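Structure first, then comments.
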Amino acid sequence: MSNRNGEGVLSKGDFGEVRLEGVTKVYEKADQSQRVLDECTFSVERGKLTVLMGPSGCGKTVLINLVAGYERPTSGRILIDESPVDGPGSDRLVVFQETALFPWMTVYSNVIFGCQVQGVSRGETKERAGHILKKVGLYEFRDKYPSQLSGGMQRRAELARAMINDPKIMILDEPFRGLDAMTRQLMQEFYVGLFEEIGRTNLFVTHEIDEAIFLADRVVILTFQPGKVKAEIEIDLPRPREFHMLASPRFMEIREQVIDLLYEEASKAFAAGSKAAYDLMGAIVARKGACEKCE
Amino acid sequence: MEMIQELRLKREFKKVFNIRVLRGFLSIVMFVVLWQLVVFIKVPYLENLPYPKDVAAGAADAAGSRTYWFGWGISLIRIFVGFIMAQLIGIPLGLAMGISRTFKDFTFPVFEMLRPIPPIAWIPLAILFWPTRELSIYFLVFIGAFFIIVINVIQGVSNISVSLKWAASSLGARPKHIFWRILVPGSLPSIITGMTVGMGVTWNVLIAAEMIAGQGGLGRMTWEAYTNNNIPFIVVGMVSIGVAGYLCSTLVRWLGEKAMPWKKRF
Ligand SMILES: Nc1ncnc2c1ncn2[C@@H]1O[C@H](COP(=O)(O)OP(=O)(O)OP(=O)(O)O)[C@@H](O)[C@H]1O
Ligand SMILES: [Mg+2]
């Protein structure tokens with residue numbers, strides 16, 4: 001339980017660290033068992049943004065559900081600040097792949113939900129909510145219901161709802177999925193700015209290669225079936241990050257490296273007949289072409 | 296530019312709306328004319344049908360009589376007592392069955408055994424079982440709404456996406472928060488559906504019960520008009536029952552809209 005009342009509303013507090021040690025997840029189906037994650041070992045460092053990548057179906061969402069505590073690993077351990085994960089807790093906040101705003105609450109009620117259930121005082125709740133809603137640009141929309149917002153606004157509302165709790169760890173599963181390219185780019189810029197201001201520990205899943213590199217301190221790439229850690233790449237681009245970095249030589253270099261690693265796995269997933277993997281392949285091939293041209 | 300477009304849209308809407316109202320009005324006029332014609336030319340088997348004006352006279356008589364409005368009152372009270380009891384017992388039961396697997400395993404089989412029995416089939420037993428006729432009618436109305444609301448609440452709870460519950464617990468919600476702030480509002484749309492359908496069924500059951508066992512009420516009045524061979528009044532009774540049912544459904548729909556402001560889109 002983290003319920004600190006830092007001086008700032010978005011506190012620069014004690015963030016957590018996640019360690020996965022030999023995490024394996026096997027799903028038993030009717031007569032066969034599927035090994036989704038196999039001996040995953042890596043850590044999500046304190047105050048850093050770690051991006052998890054891998055082809056569709058490689059077990060990213062499963063891994064996140066384990067870290068969040070919704071499911072348990074078949075074997076191996078997940079440690080948060082040296083203590084093993086035992087069910088969900090408000091020290092870790094999850095922004096899901098699909099929108100999980102409560103449809104029956106206004107934006108404001110959604111955002112203050114965490115404060116209310118944790119018994120934060122009214123005055124403080126109000127102050128924090130006002131601050132965060134302004135931060136994500138939804139203050140004017142606080143009395144709307146989620147269904148009345150655009151996709152990008154819904155995403156921001158969800159980020160606000162998560163951040164108001166000042167969690168030690170933020171876990172985001174493709175939070176910008178389904179947004180149009182322009183909105184997505186704005187959200188990335190917005191999020192990277194927010195991260196750089198607060199510096200919270202982040203575990204961030206995405207399919208988008210540029211998004212991954214632009215945001216990350218480190219990219220962890222999973223293999224396809226079973227999901228193992230294939231590579232960990234440190235992203236040494238300077239912070240604060242800005243969009244023109246996407247054209248910098250260093251960015252291109254890293255991207256080339258990431259693409260080569262992903263390409264292998266994506267083709268495996270493609271051979272396994274996954275439609276989503278096909279889409280990823282398409283994207284990678286297009287980028288490879290673009291990269292070769294620009295050299 | 297946009298405002299002009301909007302204005303044009305509004306005007307267009309008004310025009311269409313007016314035409315449609317006019318058509319609706321015409322359809323009613325045509326119905327009455329056809330009715331008049333059928334009686335006038337004495338279509339076989341329909342010779343006993345009263346003229347529209349006789350029914351109108353009957354309606355005017357009824358509107359001035361105290362017993363007629365008493366009938367309304369008695370029927371409405373029966374509907375509301377039975378219906379509200381069904382909600383008070385059915386909603387918590389459905390929530391419990393939707394939440395607890397163990398509880399559902401113990402209760403659902405019996406529930407499923409009784410559910411397919413049409414409510415009207417309960418009439419004889421209800422009359423024997425309850426000490427007064429009034430209580431038997433309340434009970435029958437209750438049965439009419441009860442099974443429907445329970446099944447809808449169970450459905451509603453199971454339709455709530457697991458990621459909403461996960462999101463809530465990740466925000467620090469404890470079971471009581473999840474119950475009151477996620478499960479209850481999340482199943483509200485199904486509850487309202489169950490209430491709307493249930494309201495329709497209760498009127499069916501009430502009228503049957505009143506005709507067989509009741510003293511007073513719209514159903515009984517219609518039946519007595521039949522035994523007195525007062526055909527205009529039979530029709531007045533039928534129309535009154537229709538109007539009453541419609542008003543009750545509208546009330547439930549209105550309550551639903553009030554209870555679920557997030558369903559309104561604009
Ligand atoms: N509860 C479950 N029971 C059985 N199998 C599951 C379960 N959850 C996930 N899986 C399987 O685990 C594999 C990985 O799924 P997961 O959702 O983690 O993929 P992902 O990497 O998040 O893909 P995407 O990028 O498309 O979201 C899939 O093959 C899926 O069928
Ligand atoms: Mg996923």
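So the sequences go chain by chain: A and B.
Heads up: the first sequence begins at 1 in this note's numbering, then just goes up one per residue.
Heads up: the second sequence begins at 296 in this note's numbering, then just goes up one per residue.
Beta carbons are placed, not taken as given, at the ideal position from N, Cα and C, and that holds for glycine.
None of the values given here were measured: they were computed from a predicted structure.
Whole-angstrom distance between residue j and residue i, CA atom to CA atom
i, j, result
"A358 of chain B", "L344 of chain B", "21 Å"
"S431 of chain B", "V350 of chain B", "32 Å"
"E234 of chain A", "D217 of chain A", "6 Å"
"Q510 of chain B", "P426 of chain B", "15 Å"
"K60 of chain A", "V492 of chain B", "43 Å"
"L304 of chain B", "K559 of chain B", "21 Å"
"M187 of chain A", "G47 of chain A", "20 Å"
"T206 of chain A", "D173 of chain A", "7 Å"
"I422 of chain B", "M408 of chain B", "21 Å"
"P296 of chain A", "L459 of chain B", "One cannot answer for residue 296 of chain A here, as it falls past the ends of chain A, which runs 1 to 295."
"L179 of chain A", "E98 of chain A", "12 Å"
"R548 of chain B", "S370 of chain B", "20 Å"
"L420 of chain B", "G389 of chain B", "25 Å"
"F224 of chain A", "Q257 of chain A", "18 Å"
"T522 of chain B", "P387 of chain B", "43 Å"
"Q300 of chain B", "T402 of chain B", "58 Å"
"A566 of chain B", "C58 of chain A", "Since the displayed chain B opens at 296 and closes at 561, residue 566 of chain B lies outside it and no answer follows."
"V94 of chain A", "Y27 of chain A", "22 Å"
Reduced DSSP secondary structure (H/G/I, E/B, other) of residue i
i, result
"L466 of chain B", "coil"
"M252 of chain A", "helix"
"F102 of chain A", "coil"
"K558 of chain B", "helix"
"C58 of chain A", "coil"
"D38 of chain A", "strand"
"S395 of chain B", "coil"
"R161 of chain A", "helix"
"I336 of chain B", "coil"
"N454 of chain B", "helix"
"F15 of chain A", "coil"
"G389 of chain B", "helix"
"T491 of chain B", "helix"
Any C-beta of chain A under 9 Å from that of residue i
i, result
"M490 of chain B", "no"
"S453 of chain B", "no"
"I477 of chain B", "yes"
"S485 of chain B", "no"
"S370 of chain B", "no"
"G393 of chain B", "no"
"L390 of chain B", "no"
"G481 of chain B", "yes"
"P303 of chain B", "For clarity, residue 303 of chain B is Arg in the given sequence; the question names Pro instead. It does not; no Cβ of chain A falls within 9 Å."
"G467 of chain B", "yes"
"M380 of chain B", "no"
"L459 of chain B", "yes"
Closer than 8 Å: residue i CB and nearest ligand 1 heavy atom
i, result
"Y70 of chain A", "no"
"V36 of chain A", "yes"
"H207 of chain A", "yes"
"L179 of chain A", "no"
"L299 of chain A", "In the structure as shown, chain A starts at 1 and stops at 295, and residue 299 of chain A therefore has no counterpart that could be examined."
"Y191 of chain A", "no"
Closer than 9 Å to chain B by CB, residue i
i, result
"Y108 of chain A", "no"
"R92 of chain A", "yes"
"G89 of chain A", "yes"
"R161 of chain A", "yes"
"Q118 of chain A", "yes"
"F96 of chain A", "yes"
"G114 of chain A", "yes"
"N165 of chain A", "yes"
"A68 of chain A", "yes"
Sequence-distant residues of its chain with Cβ nearer than 7 Å to residue i (five each side left out)
i, result
"P226 of chain A", "R35, V36, L37, D38"
"E189 of chain A", "F243"
"P414 of chain B", "L435, I438, G439, V496, V500"
"L483 of chain B", "A554, M555"
Proximity test, residue i beta-carbon vs ligand 2 heavy atom, cut-off 8 Å
i, result
"K60 of chain A", "yes"
"E17 of chain A", "no"
"Q97 of chain A", "yes"
"D173 of chain A", "yes"
CB contact below 9 Å: residue i versus chain D
i, result
"A504 of chain B", "The structure shown has no chain D; the protein chains it does contain are A and B."
Contact set for residue i: own chain, Cβ-Cβ below 6 Å, skip 5 residues either direction
i, result
"T125 of chain A", "I112, C115"
"W330 of chain B", "P347"
"G385 of chain B", "F441, I444, V445"
"S535 of chain B", "L513"
Same chain, Cβ closer than 8 Å to residue i, neighbours up to 5 away in sequence not counted
i, result
"V333 of chain B", "L341, L344"
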